[in-house]
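Number of protein chains: 4
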Amino acid sequence: MTHQDAEPLFHDVEFRVRYAETDQMGVVYHTNYLVWCEVGRTDFIRARGMSYADMERSGVGLAVSELTARFHAAARYDDAVRVRTTLAEVRSRGITFDYLITDVATGRRLVTARTALVSIDPQGRPTALPASVRALFVRE
Amino acid sequence: MTHQDAEPLFHDVEFRVRYAETDQMGVVYHTNYLVWCEVGRTDFIRARGMSYADMERSGVGLAVSELTARFHAAARYDDAVRVRTTLAEVRSRGITFDYLITDVATGRRLVTARTALVSIDPQGRPTALPASVRALFVRE
Amino acid sequence: MTHQDAEPLFHDVEFRVRYAETDQMGVVYHTNYLVWCEVGRTDFIRARGMSYADMERSGVGLAVSELTARFHAAARYDDAVRVRTTLAEVRSRGITFDYLITDVATGRRLVTARTALVSIDPQGRPTALPASVRALFVRE
Amino acid sequence: MTHQDAEPLFHDVEFRVRYAETDQMGVVYHTNYLVWCEVGRTDFIRARGMSYADMERSGVGLAVSELTARFHAAARYDDAVRVRTTLAEVRSRGITFDYLITDVATGRRLVTARTALVSIDPQGRPTALPASVRALFVRE
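As given, the protein sequences belong to chains P, W, F and Z, one line each in that order. Residue numbers 1 to 140, in our numbering, belong to the letters of the first sequence in order. Residue numbers 1001 to 1140, in our numbering, belong to the letters of the second sequence in order. Residue numbers 2001 to 2140, in our numbering, belong to the letters of the third sequence in order. Residue numbers 3001 to 3140, in our numbering, belong to the letters of the fourth sequence in order.
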């Protein structure tokens, strides 16, 4: 679901932990939480009315330029997890999202993260975020 | 090393198992052995005098069309493993490789696999294997 | 959904392709389809009334011993895909599943695969499939 | 190599980018750089005289609790990359490492990152870093 009527903008997506995502500690390998953040922002963008796939086809990509994450507790195989993606900032050349990953059954906070993304052209050069994309995220 | 003077053509590459490649059984997650096969054939092709990266830039890719694998024993984190890639067949539109993954310390056989690859153009359509690529693999 | 009233037993699960699952050819990297097969069988087992996670906690794991796959067409980022998992065979020490991965929008067949799994104890040794597990798959 | 005679302690490891590590932007998917950081610290610890695998077998694991990364430039398939892992801090219950990932051919800086790790027991609870492990990192 997407929360559209009050600030801040956020979107939730839920799925189960895959076996392939665990490691020999018996929990999710830490970089996989960051893959889930990407699943969260893809779903957020789609819920705003544009697919990120279409956005790339139109010639604008979003590349992660900075990432911070704190790992509070571990998810395990087959756990249902929720990724809440919140719009933190829209800039002329990029977007920043915050993420909160929780365990669906217990509500326990697992990971908090933030990624700054920059808009790039097909050659990987920074470019202005198109107005059509900005409009998805900025309310008049 | 690449064995060039006798049939069949083969090439060995060695590396250590990454933590990210394990799963909660405490061993390597099975699909990662197949990623290693790709590492093996990339190294094989480079050893024959062409990089697969250059090959793609020249407009011809190799896509896996069939794959079979048998998992005999498990590799563990930080084990040194060896991937022996052997040329099985060169066809007008593809190449087949065999793989033998072993534990370097014990020589134990871990996985045997075979992949058939088809040559494709940038749009993903089957295309003839260029003569320059065939020449890498076929001895006169 | 799980088809329970007629042979053969099968189960469907659907999800969208993640960005992380693509490669520089612009399509899904081939080993990721095999990760999806694991998602399919996990969901199949849960739909039969047991979680594979519980099964492992009870001391019996299922390890892939053989795998075959044919790659017919490619999935792309954000495509909705369906994995149909079908029970192919139950043996005293293992289970074999077949998989059919299709594009949800077009119905196009993407990948067909088969995995043979052997039941193992916590030390990785082959063991008999427990009656409780067999009962999930074999109809009286 | 490991630089042992002057502060700060660091260690370099080099390898080539795998095809599986790229995404449809044609460059390395961002979380894979963080997997490489783990390869870097594993190699650092081994170079200090202990394998992290042995450390886990002795009952002490290191779990990532915080991670920050900046992505300066992209690595591509088959590029040779170097991960320089530097010891940033040793605490009673953890270790912090810094990472600098560069392109071997050009020396270009690709990614800088930092991970804080906490020492945990087999149940995942924070525990003191054993003296034998501390001794690997702290010079008398």
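Glycine included, C-beta positions come from ideal geometry on N, C-alpha and C.
CA-to-CA, the gap between P:Ile45 and P:Gly61 works out to about 13 Å. Under the Cβ distance rule, Z:Asp3079 does not count among the residues neighbouring chain F, no pair being separated by less than 7 Å.
Within 9 Å of the CB of Z:Thr3086, no CB atom of chain W is found; the nearest one sits about 19 Å away. Taken through DSSP and simplified to helix, strand or coil, F:Thr2106 comes out as coil. A straight-line Cα-Cα distance of about 10 Å links P:Ser132 and P:Met55. Straight across, the Cα-Cα distance linking F:His2011 with F:Arg2084 is about 6 Å.
In this structure, DSSP gives W:Tyr1099 an extended state, which the three-state scheme calls strand.
F:Thr2112 is not a Cβ neighbour of F:Phe2097, given a cutoff of 7 Å.
Not a single C-beta of chain P is nearer than 7 Å to the C-beta of Z:Glu3021.
The DSSP-derived three-state label of Z:Ala3020 is helix.
Classified as buried, Z:Gln3024 has 16 or more neighbouring CB atoms from the shown chains inside 10 Å of its CB. Within a 10 Å sphere around the beta-carbon of W:Ala1074 sit 16 or more other beta-carbons, which makes this residue buried. CA-to-CA, the gap between P:Arg109 and F:Leu2034 works out to about 30 Å. Looking only at W:Thr1127, W:Phe1015, W:Asp1103, W:Ala1128, the smallest Cα-Cα distance to W:Phe1071 is reached by W:Asp1103.
Note on geometry: alpha-carbon atoms of Z:Ser3092 and F:Tyr2099 lie some 50 Å from one another. Taking a beta-carbon distance threshold of 7 Å, Z:Arg3070 counts as an interface residue toward chain P. Secondary structure note for F:Leu2034: its alpha helix (DSSP H) is the uninterrupted segment 2030 to 2047. In the DSSP assignment, F:Leu2117 forms a beta bridge with F:Val2064, F:Ile2095.
In its chain, beyond the 5 residues on either side, Leu136 have a beta carbon closer than 6 Å to the beta carbon of P:Arg48. Here P:Phe15 really is in contact with P:Val81; their C-beta atoms are around 7 Å apart, less than 8 Å. Interface with chain F (7 Å Cβ-Cβ cutoff): P:Glu38 is included. In the structure shown, P:Arg134 falls within a helical segment according to DSSP collapsed to helix, strand and coil. Annotation for F:Val2017: Val2028, Ala2075, Arg2076, Tyr2077, Asp2078, Asp2079, Val2081 place their beta carbon closer than 7 Å to its own, counting only its chain and skipping 5 residues before and after. Between W:Leu1067 and F:Ala2069 the beta-carbon gap is near 5 Å, inside 8 Å, which marks them as a contact. Judged by beta-carbon spacing, P:Thr31 lies beyond the 7 Å limit of Z:Thr3042, meaning their Cβ atoms are not closer than that value. As computed with DSSP, W:Val1083 is found in a beta bridge with W:Val1013, W:Ile1101. Around the CB of Z:Thr3022, 16 or more other CB atoms lie within 10 Å, so the residue is classed as buried. Z:Ser3058 counts as exposed, since fewer than 16 other C-beta atoms from the protein chains shown sit within 10 angstroms of its C-beta.
With a cutoff of 7 Å on beta-carbon distance, P:Val13 and P:Gly40 are scored as near each other. Taking Z:Tyr3052 as the centre and dropping the five residues before and after it, the same chain places the C-beta of Thr3042, Ile3045 closer than 6 Å to its C-beta, in chain order. Membership of F:Tyr2052 in the alpha helix (DSSP H) is indicated by the continuous run 2052 to 2057. Residue burial is scored here from C-beta neighbours: F:Ala2105 has fewer than 16 other C-beta atoms within 10 angstroms and is therefore classed as exposed. As the crow flies, the alpha-carbon of Z:Arg3125 is around 20 Å from that of W:Tyr1019.
Contact with chain W is absent for F:Val2118, since none of that chain's Cβ atoms lies less than 7 Å from the residue's Cβ. Shortest Cα-Cα distance from P:Trp36 to any of P:Ala88, P:Ile101, P:Ser119 involves P:Ile101. Cβ contact annotation for Z:Thr3127 (same chain, cutoff 8 Å, sequence separation greater than five): Val3060, Arg3093, Ser3119, Ile3120, Asp3121, in chain order.
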